[in-house]
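Here the protein sequences line up with chains P and G, keeping their order. The first sequence maps to residues 1 to 388 in UniProt numbering. The second sequence maps to residues 1 to 388 in UniProt numbering.
There are 2 protein chains.
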Amino acid sequence: MNCAAVLSAIRAAGTARVTELVQATSLSRPTVTAAVSTLMADGWVEETEAPDLDLPRMGRPARVLRFRADAWHVLGIDVGPHKIYCAVADLSGRVVAHARRDVTAASTHAELLDQVEATMRTALDQVPITAADVAAVGIGTPGIVDDRRGAVVQAPSVPGWSSLELASLFRRGLDCPVRVENDVNLAVMAERWNGTAGDAENLILVQWGARIGAAVLVDGQLHRGAHGAAGEIGFLELEEEPQGVQADGLGPLESAVGTAWILRRARSLGDDESSDAAAVLAAAAGGDPRALQAVDEACARLARGLASFVSAIDPELVVIGGSITLAGDVILAGLRRHLGSRTLVEPRLELSRLGDDAVALGAVRLALADAERRLLDVYATPLPVEHP
Amino acid sequence: MNCAAVLSAIRAAGTARVTELVQATSLSRPTVTAAVSTLMADGWVEETEAPDLDLPRMGRPARVLRFRADAWHVLGIDVGPHKIYCAVADLSGRVVAHARRDVTAASTHAELLDQVEATMRTALDQVPITAADVAAVGIGTPGIVDDRRGAVVQAPSVPGWSSLELASLFRRGLDCPVRVENDVNLAVMAERWNGTAGDAENLILVQWGARIGAAVLVDGQLHRGAHGAAGEIGFLELEEEPQGVQADGLGPLESAVGTAWILRRARSLGDDESSDAAAVLAAAAGGDPRALQAVDEACARLARGLASFVSAIDPELVVIGGSITLAGDVILAGLRRHLGSRTLVEPRLELSRLGDDAVALGAVRLALADAERRLLDVYATPLPVEHP
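This is how it looks when you write it as structure tokens:
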């Protein structure tokens, strides 16, 4: 128990002297010193090499202790129908390695799972750690997720993905806690942690790429909804006649504004140069009139759906993330103009500064919570320490 | 302080013996007895006339004490562009008198305020209490409300109503706390308190009459939004071209589905008998085909807007209140059919059992919170008791 208290104090402070730990924990100096010895022997704490030079040196300088964030690692994995992204992070949340893989030919969920495993191996191969050094895993997936069971409940965009007991499958291969969460919910956690969201308590994140989803923060908390389906903007039906899920698994709105539509629309306007959607978005950022028109039409359609979300939730901030951000401020200007008179009050509108890895970062954040629990559990129980 | 603790314990228990109050407060018996004497002298507590007959009678029966809920009263006032409803309730929330007035000719906010005052007087005249016996007032109003300032910020449906310092105006006439809240927000509080909402933690209440508004509960808490504008469904723009606020002050969706539209539509379908919207709604409940068609078309339009709110929030329950409930289950069946494939998950759908007075009931609930604070303040401070 004393070790856990001292460890928490060192983590909170970053670096600390024994005197400071005595103050922070209200434990006696001998108790703190003994705990520090145990934590150093177990590899969680080390002496820093740079003692504070600002203090006058009298006698032996006091030891400065530091938490070894690299003693254990977590994985954050973004599993999508178009790409897999795996980040390896230390216990401070710093990403030390990552691997990315485009998914094109995964026709079954088994194939997709094989590709996830391969991506994970590629990421782990870059660092001198093994699967046994993984303290916890977070996984982001499209669709509606039962977060307690760690299972995908509904995922129209990935064939065979629905009803998958994702967390159980991963736990079999990795002997550690595995959590599964909707990908856009993870992206909004990453925004709060590291992104543009800052201290906005009520916000909508729209993750806009080939697919489109939204996540909702209410009073600083992720709002999952009664069935985990809050923010499913991609399946909004804007027209009088419902369109339903499309043959390619896309919802009506994502089918009407996703990057695949933008590419098709730019081509139909005579853009023969852009090889893919990313090229169209870059061309729009560069002022190409055909690309600009395609992007603007998509903004007009998205604004119709977004306006109803804004009316329901009245957020202070809307953050736009995903690959659409390749078009830059053109997106903000277009959305602002088309949202215009559609809402009674106007939220601030910003582009995400997180790139391709927002979901994986959020998954790292999710895994860190489990890792922290495990770390404190090591010393909270009277069992012999087995790890690391 | 002891009086406040004993008073709280009696209120919580309903009725209580001194022995039970000693247990509940952890105060000594003489202290509790002294506090009870003070509370009886001040009029907050009385002996009930029915001692418990189940207990064997040995010696003098123990006194059974009861909180005098009628010692003080609160007002809940619904101020709308079409009607004013004032409820007088005792401290248990029981409505002891009410007055209702249709508003037709209020062209200025000053005229509307005069009518509010007249309605208030009519309600108070029915009971033997004066304005000085009013402990607190809650007011519901359409529009966006700054609840801390008690001011209306934006109210397109009432001419001259925007920017009104409503709470300040009322506090001048009544020497008690006055709170102002959006009317539909109050209706949802009434639903949670006394209505069909039960223990649903995530719900949308749609208040549907001449106007239409919605209120949102997230995790059991009223979600006001960053600007107090969450749930403004009446101003949703469903079409590609925004319609804006109509000449009559109605928002685009309320103009397209409100009871005035339903009346016009029934007439255009050949209904010459219905004298007003209420008659059309009653005819629909009775199976009249023209009324049914008009109501069904309105349900189809509302379902389009409601589906986007459901997608954003994913509530477990949607409650439909307001005068539209005169049409009964026809509304639920119509909304269910038209919501159909428009949302990924289906919330439960229920009609409000609260009638015309839902907003006033919510306003009573709001005022009771202030009255309770005042009641405990009487004994929490060392000042001499001045009231009642």
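Backbone N, C-alpha and C fix where the C-beta goes; we use that ideal spot for every residue, glycine too.
1. Drop a sphere of 10 angstroms on the beta-carbon of P177 (chain G), count the other beta-carbons inside from all chains shown, and report buried for 16 or more, exposed for fewer.
2. Reducing DSSP to helix, strand and coil, say where Q208 (chain P) ends up.
3. With a CB to CB cut of under 8 angstroms and the five nearest residues on each side skipped, what residues in its chain are close to H109 (chain G)?
4. Could you tell me which chain G residues have their CB closer than 7 angstroms to the CB of G198 (chain P), listed as they occur along the chain?
5. With DSSP run on the structure shown, which of helix, strand or coil describes H109 (chain G)?
6. Under 8 angstroms: do the segment 183–196 of chain G and the segment 134–145 of chain G share three or more Cβ pairs, one atom per stretch?
7. Does DSSP classify V364 (chain P) as helix, strand or coil?
8. Just to make sure I have the definition right: I need the residues of chain B whose C-beta is within less than 7 angstroms of the C-beta of L236 (chain P). Which are they?
9. Grab me the residues of G328 (chain P)'s own chain with a C-beta within less than 6 angstroms of its C-beta, minus the 5 sequence neighbours each way, in chain order.
10. A230 (chain G) CB to nearest chain P CB: under 8 angstroms?
11. Does A380 (chain P) pass the burial test, meaning 16 or more other C-beta atoms within 10 Å, or should it be called exposed?
12. Counting Cβ pairs closer than 8 angstroms, one from the segment 264–271 of chain G and one from the segment 305–322 of chain G, do we hit at least three?
13. In its own chain, which residues sit with a C-beta less than 7 angstroms from the C-beta of Q243 (chain P), not counting the 5 before and 5 after it?
14. Report yes if the CB atom of A135 (chain G) is closer than 8 angstroms to the CB atom of R353 (chain G), and no otherwise.
15. Which chain G residues sit within Cβ distance under 8 angstroms of H109 (chain P)?
16. To the nearest angstrom, how far is it from the Cα of residue 432 (chain G) to the Cα of A210 (chain G)?
17. Would L317 (chain G) and A197 (chain G) qualify as a contact pair, given that the criterion is a beta-carbon distance under 8 angstroms?
18. Could you check whether the Cβ of I320 (chain G) sits closer than 8 angstroms to any Cβ belonging to chain P?
19. Tell me whether the segment 111–125 of chain G and the segment 75–84 of chain G touch, counting them as touching only if at least three CB pairs, one residue from each stretch, are closer than 8 angstroms.
20. For a contact defined as C-beta to C-beta under 9 angstroms, what are the partners of Q154 (chain G) on chain P?
21. For A278 (chain G), I'd like the list of residues in its chain whose CB is within less than 7 angstroms of its CB, leaving aside the five on either flank, ordered along the chain.
22. Does the CB of S8 (chain P) have a neighbour CB from chain G at under 8 angstroms?
23. Establish whether the CB of G244 (chain P) and some CB of chain G are separated by less than 8 angstroms.
24. Can you find a C-beta in chain G that's less than 8 angstroms from the C-beta of S274 (chain P)?
25. Assign N2 (chain P) to one of three DSSP states: helix, strand, or coil.
26. Tell me whether C176 (chain G) sits in a helix, a strand or coil according to DSSP, three-state version.
27. Identify the contact partners of I144 (chain P) in chain G, using a Cβ-Cβ distance below 8 angstroms as the criterion.
28. Chain P beta carbons: is any one of them nearer than 8 angstroms to that of D377 (chain G)?
29. Find the residues of chain P that neighbour V216 (chain G), judging by a C-beta separation of less than 8 angstroms, and give them in chain order.
30. Return no unless some Cβ of chain P is closer than 8 angstroms to the Cβ of A226 (chain G).
31. Please report the distance separating the alpha-carbon of C3 (chain P) from that of Q23 (chain P).
32. If you draw a straight line from the C-alpha of V216 (chain P) to the C-alpha of G93 (chain G), how long is it?
33. When the cut-off is 8 angstroms and only beta carbons count, does S162 (chain G) lie next to chain P?
34. For S255 (chain P) and chain G, any beta-carbon pair shorter than 8 angstroms?
35. Listed from N- to C-terminal order along the chain, which residues in the UniProt domain "HTH marR-type" (4–51) of chain G have their beta-carbon within a distance smaller than 9 angstroms of any beta-carbon of chain P?
36. Considering just the uninterrupted stretch of the beta strand (DSSP E) at A89 (chain P), what are its terminal residues?
So, from the data block:
1. Looking up residue 177 (chain G) in the second sequence gives position 177. With 16 or more other Cβ atoms within 10 Å, it is buried.
2. Translated into positions along the first sequence, residue 208 (chain P) becomes position 208. The displayed chain sequence assigns Trp, not Gln, to residue 208 (chain P). Strand at W208 (chain P).
3. The residue given as residue 109 (chain G) occupies position 109 in the second sequence. Excluding sequence neighbours, H109 (chain G) sits near V158, P159, G160, W161 and L164.
4. Reading the first sequence from its first residue, position 198 is the one you call residue 198 (chain P). None at all; the shortest Cβ gap to chain G is about 13 angstroms.
5. Counted from its first residue, the second sequence places residue 109 (chain G) at position 109. In the structure shown, H109 (chain G) sits in a helix (DSSP, three-state: H, G or I).
6. yes
7. Residue numbering aside, residue 364 (chain P) sits at position 364 when the first sequence is read from its first letter. It is helical.
8. Looking at the structure shown, chain B is missing, and the protein chains on hand are P and G.
9. The sequence position of residue 328 (chain P) within the first sequence is 328, counting from 1. A285, listed in sequence order.
10. In the second sequence, counting from the first residue as 1, residue 230 (chain G) sits at position 230. Answer yes: the Cβ-Cβ gap between A230 (chain G) and chain P drops below 8 angstroms somewhere.
11. Here residue 380 (chain P) refers to the residue found at position 380 of the first sequence. A380 (chain P) should be labelled exposed.
12. no
13. Residue numbering aside, residue 243 (chain P) sits at position 243 when the first sequence is read from its first letter. Result list for Q243 (chain P): E237 and P252, in chain order.
14. Within the second sequence, the letter at position 135 stands for residue 135 (chain G). Within the second sequence, the letter at position 353 stands for residue 353 (chain G). No, the Cβ-Cβ distance between A135 (chain G) and R353 (chain G) is not below 8 angstroms.
15. Taking the first residue of the first sequence as 1, we reach residue 109 (chain P) at position 109. Result: empty, since nearest Cβ-Cβ is about 20 angstroms, beyond 8 angstroms.
16. The shown model of chain G, from 1 to 388, leaves out residue 432 (chain G), and the question about it has no answer.
17. Taking the second sequence and counting its residues from 1, the one referred to as residue 317 (chain G) is at position 317. Taking the second sequence and counting its residues from 1, the one referred to as residue 197 (chain G) is at position 197. Yes, the Cβ-Cβ distance between L317 (chain G) and A197 (chain G) is below 8 angstroms.
18. Within the second sequence, residue 320 (chain G) is the residue found at index 320, counting from 1. It does not; no Cβ of chain P falls within 8 angstroms.
19. yes
20. Here residue 154 (chain G) refers to the residue found at position 154 when the second sequence is read from its first residue. Neighbours of Q154 (chain G) on chain P, chain order: L344 and V345.
21. Here residue 278 (chain G) corresponds to residue number 278 of the second sequence, with the count starting at 1. The answer, listed in chain order, is S323 and L326.
22. Within the first sequence, the letter at position 8 stands for residue 8 (chain P). Closer than 8 angstroms: no.
23. Indexing the first sequence from 1 puts residue 244 (chain P) at position 244. Taking Cβ atoms only, chain G reaches closer than 8 angstroms to G244 (chain P), which makes this a yes.
24. Your numbering for residue 274 (chain P) matches position 274 in the first sequence. Not an interface residue.
25. Locating residue 2 (chain P) in the first sequence gives position 2, counting from the first residue. Helix.
26. Here residue 176 (chain G) is taken as the residue at index 176 of the second sequence, counted from 1. Residue state, collapsed to three classes: coil.
27. For the purposes of this step, residue 144 (chain P) is taken as the residue at position 144 of the first sequence. Under the 8 angstroms cutoff, chain G gives L344 and V345.
28. Here the question's residue 377 (chain G) lines up with position 377 in the second sequence. By this cut-off, D377 (chain G) is not an interface position.
29. As a working note, residue 216 (chain G) is residue 216 in the second sequence. The contacting residues are A312 and I313.
30. Along the second sequence, read from residue 1 onward, the residue named residue 226 (chain G) stands at position 226. Chain P, which has a Cβ nearer than 8 angstroms to the Cβ of A226 (chain G), makes this yes.
31. Taking the first residue of the first sequence as position 1, residue 3 (chain P) is located at position 3. Taking the first residue of the first sequence as position 1, residue 23 (chain P) is located at position 23. Distance between the alpha carbons of C3 (chain P) and Q23 (chain P): 15 angstroms.
32. Here residue 216 (chain P) corresponds to residue number 216 of the first sequence, with the count starting at 1. Here residue 93 (chain G) corresponds to residue number 93 of the second sequence, with the count starting at 1. Each residue's Cα considered, the two are about 35 angstroms apart.
33. Reading the second sequence from its first residue, position 162 is the one you call residue 162 (chain G). Answer no: the Cβ-Cβ gap between S162 (chain G) and chain P never drops below 8 angstroms.
34. As a working mapping, residue 255 (chain P) is identified with position 255 in the first sequence. Not one chain G Cβ lies under 8 angstroms of S255 (chain P).
35. none
36. Numbered from its first residue, the first sequence carries residue 89 (chain P) at position 89. Taken as a continuous stretch (DSSP letters only), the beta strand (DSSP E) holding A89 (chain P) covers K83 to D90.
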